[in-house]
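Written below as structure tokens is the structure these notes are about.
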Amino acid sequence: MRRKLAAGNWKMNGDSALLAELGTLANSQGDSAPQIIICPPAPLLTRAVDITKDSAIGIGGQDCHPNTSGAHTGDVAAPMIHDTGARSVIVGHSERRSAHQENDAVVRAKTKAAWAADLTAILCIGESEEERIGPDTLAIIAAQLDASTPNGATGDNTVIAYEPIWAIGTGRVPTLEQIIETHDMIRAELTKRFGDEGDKIRILYGGSVKPGNAAEIFQAENVDGALVGGASLKAEDFQPIIDALAAS
Ligand code: PEP
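Residue numbering for the sequence shown follows the working numbering, starting at 990 and increasing by one per position.
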């Protein structure tokens, strides 16, 4: 049985006021809450870990460098993220892939770096709008999954986030049928490659998840939760998504 997961990606947002709101969110989770991970910007990691300790909320980074240290100005190494007390990290987000030219090989290397630092990699994949309209959508996503995921993925060290690029921050979401079809394909690919472990790897949906559409998306058998951007920035939006996941 896979534990449900609600992950929030704050992107380049967050300050002391948002950390205070995170504290309120942490204090209001009941025992039956799904796993919750919040990924604030790197400068806020240590304080976020402190504010959420002894709560149902874990903290993750938004990106890590493939190397453990060195001359990489502005980058953050996976062991540094672990050292803050965070236990997971997003890799391969489409904003990193497009704005920082990160291809599948880079994402694969970052995933390995995350594992080596004892971080769970929340590995993002997803198609462009053009690829969604075209005839090879599922094959393109499968190839991206295969090339971005290193050998050795397990239910503990990896979470896959399926995020159609055209749905991120746009208010548009795929149909439930498209989500089901894509997540079922990802599950099949994971079990084909990783056997029983592939069945333990959680698959999140990401892209304009809101309080109003979360319950419908969580109906899908192979949707194990969500990676949420905009709606993770306000407790009043994120809490109903957590509740819908708990009820699914
Ligand atoms: C994201 O950035 O991972 C994301 C899913 O953003 P949003 O929920 O705002 O579409």
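Each residue gets a CB set at the ideal place from its N, CA and C atoms; glycine is no exception.
Being a predicted model, the structure only gives us computed values, none of them experimental.
**Report entry** Ile1154 versus Arg1121 - alpha carbon distance
**Finding:** 10 Å
Query raised in the report: Hey, how far is the Cα of Arg1085 from the Cα of Arg1176?
Result: 24 Å
Report task. Using 6 Å as the cut-off, classify the Cβ of Gly1196 as near or not near the heavy atoms of the ligand PEP, replying yes or no. Result -> yes
Requested in this report: Report whether the distance from the Cβ of Asn998 to the nearest heavy atom of the ligand PEP is below 6 Å.
Outcome: yes
Query raised in the report: If you measure from the CB of Val1217, is any heavy atom of the ligand PEP nearer than 6 Å?
Result: yes
Query raised in the report: When the Cβ atoms of the region 1183-1191 are set against those of the region 1002-1012, are three or more pairs found closer than 8 Å?
Result: no
**Report entry** Asn1092 classed as buried or exposed, judged by whether at least 16 other C-beta atoms fall within 10 angstroms
**Finding:** exposed
Query raised in the report: Are Ile1157 and Ser1077 close, meaning C-beta to C-beta below 7 Å?
Result: no
Query raised in the report: Alpha carbon to alpha carbon, what distance is there between Ala1142 and Ile1230?
Result: 27 Å
Query raised in the report: How big is the Cα-Cα spacing for Ile1168 and Ala1209?
Result: 8 Å
Query raised in the report: Taking Asn1146 as the reference, which of Leu1011, Val1080, Asp1039 and Asn1056 has the closest Cα?
Result: Val1080
Query raised in the report: Given a threshold of 16 other Cβ atoms within 10 Å of its Cβ, counted over all protein chains shown, does Asp1213 qualify as buried or as exposed?
Result: buried
Query raised in the report: Is Asp1180 helix, strand or coil by DSSP?
Result: Note on identity: in this sequence residue 1180 is Thr, with Asp being the wrong assignment. Of the three classes helix, strand and coil, the one that applies to Thr1180 here is helix, per DSSP.
Query raised in the report: How many Å lie between Glu1205 and Met1174 at the Cα?
Result: 19 Å
Query raised in the report: Would the C-beta of Ile1040 count as close to the ligand PEP, meaning under 6 Å from any of its heavy atoms?
Result: no
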